[in-house]
Amino acid sequence: MSLEISMKNKTEFLNLFGLPVIDAHSLTLKSKANLYVLKINAGTFDYESMINELGNASTHYVLSRGRIQDLSQEEGKNWQLMSEVVSKFKDWGKNDGEGGELLLYCFLETHLNAPKLLSKMELKTANNDYIKGSDGIHLLKIADNDYQIIYGESKMYANLTDGIREAISSLKSLKDKGFNTEASLVDSNIMKESLNQEELAYIKSVLIPAKDPSNIIQRNNAFGVFLSFEIDISQWDLQNMKDEDIDNQIRSTVKSTFEAQFENIRNQIVKSGLDGHHFYFYSIPFLKKDNANISLDQTRKDIIKKITFNDSN
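Structure representation (structure tokens):
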């Protein structure tokens, strides 16, 4: 028995990137790093396709399975469903992180195959609410009777060093406050999910400690982290570079930039006292190109602007 992932456009999302530049690299026995690069067209990442797939994924990220089922089983509810999704996002002009949260959800479901149990977006009552704690909670089955509850954290920073520091710091704060509050949210809200009795019994067997000594469930808390970073190609002589050379140089640059942070990641985990936990790191780069007004800050705003239909261009 298992819980299916909620995301419906898994293949389309992964196809945005092609083969990962770094795939499940073992930073330590308990920490794995993944680096993806969006497909490149004429020296620019294919942001339009990414935004389309994030928009497609947003419904199942924002709403519970149960709420989607309620709105989908009646004809004529499509507008209400989409309105509920859009209303949960903060105003794009003040939104500096929800695009990263959505990307983390997509990677945890598609690459790690860890279904969402709960996202903080589901708990919002208004689009400017701030839900403290992790960005989302996922369930990863390692083996029979062996599971990980994955607490998500995303940071969309231009500087990778800053993002790593702030992400690990946030996870340390989460652990210091205790996981019981997060676990209780899952236990209380999981009833909203469209689960049959067999699925519900399965989830409860993982979340609630077993009383049967012959069927003990091993459950460990783990962390999923999304990190963005920026590479500046403003001074690259793109007009005199072959398309293949542009692709290779971008991939080479982002790979070396990410690999240069491996020791820093290991040190931050140990420094924060989180070295007993499993970590799953996902990262994608964003471009900075001054003459085209392209930057990570602008792109992350564009993601929310277009997903919420506030793009006037």
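Numbering (the numbering used here), first residue to last: 249 to 561. C-beta: ideal position from N, C-alpha, C; glycine also. Keep in mind the model is a prediction, meaning the values are calculated, not measured.
Under a Cβ-count criterion, where at least 16 other Cβ atoms within 10 Å of its own Cβ denotes burial, should residue i be classed as buried or exposed?
i: glutamate 252; result: exposed
i: valine 310; result: buried
i: phenylalanine 557; result: exposed
i: aspartate 377; result: Unreliable placement is indicated for aspartate 377, whose pLDDT of 49 sits below 50; the coordinate value is still reported in the next sentence. Result: exposed.
i: glutamate 430; result: buried
i: serine 504; result: exposed
i: leucine 264; result: buried
i: glutamate 349; result: buried
i: valine 518; result: exposed
i: glutamine 509; result: buried
i: leucine 245; result: The requested residue 245 does not occur in the structure, where the chain is confined to residues 249 to 561.
i: alanine 281; result: buried
i: proline 461; result: exposed
i: lysine 452; result: exposed
i: serine 335; result: exposed
i: isoleucine 390; result: exposed
i: threonine 307; result: buried
i: asparagine 561; result: Because asparagine 561 carries a pLDDT of 49, less than 50, the predicted location of this residue cannot be relied on, and the following value inherits that uncertainty. Asparagine 561 is exposed by the Cβ-count criterion.
i: glutamine 516; result: buried
i: serine 476; result: buried
i: glycine 266; result: exposed
i: lysine 425; result: exposed
i: serine 432; result: exposed
i: serine 436; result: exposed
Going by DSSP, name the residue or residues bridged to residue i.
i: proline 461; result: Partner(s): none; proline 461 has no beta bridge.
i: glutamine 497; result: Paired residues: none, contrary to the question.
i: serine 367; result: Gly384
i: proline 533; result: Phe477
i: serine 402; result: Phe474
i: isoleucine 542; result: Lys537
i: lysine 389; result: Tyr395
i: phenylalanine 355; result: In DSSP, phenylalanine 355 forms no bridge with anything.
i: asparagine 469; result: Ile397
i: methionine 265; result: Inspection of the sequence shows that residue 265 is occupied by phenylalanine rather than by methionine. None, per the DSSP bridge assignment.
i: tyrosine 528; result: Lys280, Gly472
What distance in whole Å lies between the Cβ atoms of residue j and residue i, which are believed to be in contact at a cut-off of 8 Å?
i: isoleucine 555; j: isoleucine 316; result: Contact flag wrong, Cβ pair sits at about 17 Å.
i: leucine 419; j: phenylalanine 471; result: 5 Å
i: histidine 526; j: glutamine 396; result: 6 Å
i: asparagine 304; j: asparagine 257; result: 5 Å
i: isoleucine 456; j: asparagine 393; result: Contact doesn't hold; Cβ gap of about 14 Å is too wide.
i: isoleucine 498; j: isoleucine 288; result: 6 Å
i: valine 434; j: leucine 388; result: About 14 Å; that fails the 8 Å criterion.
i: leucine 286; j: isoleucine 532; result: 7 Å
Leaving aside the five residues before and after residue i along the sequence, list all residues of the same chain whose C-beta is less than 8 Å from its C-beta, in chain order.
i: lysine 536; result: Ala406, Glu478, Ile479, Asp480, Ile481, Ser482, Ile542, Ser543, Leu544
i: threonine 292; result: Leu535, Lys537, Ala540, Ile542
i: asparagine 512; result: Thr409, Ile412
i: glutamate 414; result: Lys403, Tyr405
i: leucine 422; result: Gly381, Ser382, Tyr399, Glu401, Glu430
i: serine 200; result: An answer regarding residue 200 cannot be provided, because it is not within the stretch 249 to 561 covered by the chain.
i: glutamate 260; result: Glu301, Asn304
i: glutamate 507; result: Ile270
Excluding sequence positions up to five away, which residues of its chain have a Cβ less than 7 Å from the Cβ of residue i?
i: threonine 547; result: Tyr295, Phe534
i: serine 331; result: none
i: leucine 319; result: Lys325, Gln328, Leu329
i: glutamate 346; result: Phe337, Lys338, Ile552
i: leucine 275; result: Ala281, Phe510, Ile513, Arg514
i: proline 363; result: Leu251, Glu252, Ile253, Ser254, Glu357, His386, Leu387
i: asparagine 469; result: Ile397, Tyr399, Phe427, His525
i: glutamate 447; result: Leu251
i: aspartate 495; result: Ile288
i: histidine 273; result: Lys280, Ala281
Going along the chain, which residues of its own chain have a beta-carbon closer than 6 Å to the beta-carbon of residue i, five neighbours each way excluded?
i: tyrosine 530; result: Asn282, Phe355, Phe474
i: leucine 262; result: Thr358
i: methionine 255; result: Ala305, His308, Glu357
i: lysine 278; result: His526
i: methionine 369; result: Val310, Lys336
i: threonine 501; result: Ile479
Which residue spans inside the segment 270-327 form an unbroken alpha helix (DSSP H) run of at least 4? Counting whole runs of 4 or more residues, the segment 270-327 contains the alpha helix (DSSP H) stretches 295-310, 313-320.
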